[in-house]
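Visitor: Numbered continuously in my numbering, the sequence shown closes out at residue 550. C-beta atoms are modelled at their ideal positions from N, C-alpha and C, and glycine is treated no differently. One structure follows; several queries about it will come next.
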Amino acid sequence: MSWIQLKFDYQNPDADTLSDFLMELGALAVSFLDAEDKPILEPKPGETPLWDHLIVLALFDANTETALLDKVLSNSEFSQHFGESYQWEIIRDQDWERSWMDSFKPMQFGQRVWIVPSWHESPDPNAVNIKLDPGLAFGTGTHPTTALCLQWLDNAELTGKTVIDYGCGSGILTLAALLLGAEKVYAVDIDPQALDATRENLKRNEISENRLVLGLPEEVALPQADLVVANILAEPLRQLSESIANSVKSGGDLVLSGLLNEQADELLHIYQQWFDMAKPASQEDWSRLNGKKRH
């Protein structure tokens with residue numbers, strides 16, 4: 256059996272109205288994917304939160320007259336949000352779940368690190384392959400802040416090191432550090448759902464729990480670590496600056512991300528009190544800071 260899939264990017268908060276509109280046009284199913292790798296953690300009761308930037312997948316019967324739908328869609332209130340991403344695809348001999356799964360491909364960061372969904376074979380079996388599937392607390396590495404941190408970790412020598420992951424989310428940076436040879440990682444997050452996601456991803460990657468200390472910040476006694484990585488947001492990086500700095504050993508490394516390019520200089524100035532900071536690295540609108548703690 257075959258279907259026709261409509262796929263496009265969508266940047267508008269009124270996704271429910273769009274979904275209803277597509278269903279009225281004959282869509283058999285409508286799915287929304289995160290276009291920017293921004294996790295949604297612990298929604299409030301009764302809420303179904305969505306990302307600001309979506310990938311929309313609408314499944315139609317194979318006999319659908321797409322030319323007619325093109326005219327309707329182009330004259331609708333939603334047409335201004337489609338952009339050049341708007342496309343029709345024929346889906347043959349596969350189900351809707353498979354189509355959704357195929358939207359996630361293995362991704363490489365630096366020379367050694369790959370993020371690989373569980374249903375894909377690794378392109379390089381000898382690489383550092385992190386098995387990671389989509390979920391509410393999902394970080395795939397597609398967002399620049401995560402990618403920048405993974406690229407730094409790929410170039411680091413972590414064998415035998417102690418690492419702290421502030422704001423672990425899905426655990427993607429924790430997993431990368433452990434698979435790159437870190438002896439122990441202390442992963443903390445303010446959201447219990449993030450901790451659950453990290454724990455599940457640890458099992459999926461067959462990593463011993465003895466190498467991980469996981470919990471809420473107030474539950475975990477953090478040591479001074481060889482490396483502290485914090486991929487959070489600019490404001491908590493400001494507020495926690497002294498605490499984060501004190502968590503790094505003399506001569507240890509610091510990696511900060513989750514900040515916009517225009518916020519980098521301020522954070523750089525703050526952390527220069529304790530660290531010899533490198534020039535900010537940037538990708539799209541986002542920056543990463545890294546430095547070495549002075550003796």
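1. Alpha carbon to alpha carbon, how far is residue 270 from residue 511?
2. Suppose you measure from the CA of residue 538 to the CA of residue 495; what does that come to, to the nearest Å?
3. Compare the C-beta of residue 416 against all C-beta atoms of chain D and say whether one is closer than 9 Å.
4. Considering Cα atoms alone, identify which of 545, 263, 311, 368 is closest to residue 483.
5. With DSSP as the reference, label residue 499 as helix, strand or coil.
6. Can you list, in chain order, the stretches of the beta strand (DSSP E) that have 3 or more residues and sit fully within the region 471–528?
7. Looking only at its own chain, which residues have a Cβ that is under 7 Å from the Cβ of residue 506, when we skip the five neighbours before and after it?
8. If you check the beta carbons only, do residue 314 and residue 258 fall under 9 Å apart?
9. For the ligand MN, I want to know if residue 531 counts as a neighbour, meaning its beta carbon is within less than 8 Å of at least one of the ligand's heavy atoms.
10. If you check the beta carbons only, do residue 409 and residue 431 fall under 9 Å apart?
11. For residue 416, does the count of other Cβ atoms within 10 angstroms reach 16, so buried, or fall short, so exposed?
12. For residue 280, which residues from the same chain have a beta carbon less than 7 Å from its beta carbon, with the 5 sequence-adjacent residues on both sides left out?
13. Could you tell me the distance, in whole angstroms, from the CA atom of residue 530 to the CA atom of residue 513?
14. Apart from the five residues on each side of it in sequence, which residues of its chain come closer than 6 Å, Cβ to Cβ, to residue 384?
15. According to the neighbour-count rule (16 or more other Cβ atoms, all chains shown, within 10 Å of its Cβ), is residue 425 buried or exposed?
16. Does the beta-carbon of residue 260 have 16 or more other beta-carbons within 10 angstroms, so that it is buried, or is it exposed?
Guide: Quick look at the numbers:
1. 33 Å
2. 24 Å
3. Structure shown: chain D not included; a single protein chain is present.
4. With distances taken between Cα atoms, residue 483 lies closest to 545.
5. helix
6. 480–486, 503–515
7. Excluding residues up to 5 positions away in sequence, 547, 548, 550 lie with their Cβ nearer than 7 Å to the Cβ of residue 506 in the same chain.
8. yes
9. You won't find the ligand MN in this model; it holds no ligand whatsoever.
10. yes
11. buried
12. 324, 327
13. 19 Å
14. 369, 371, 377
15. buried
16. Classification for residue 260: buried.
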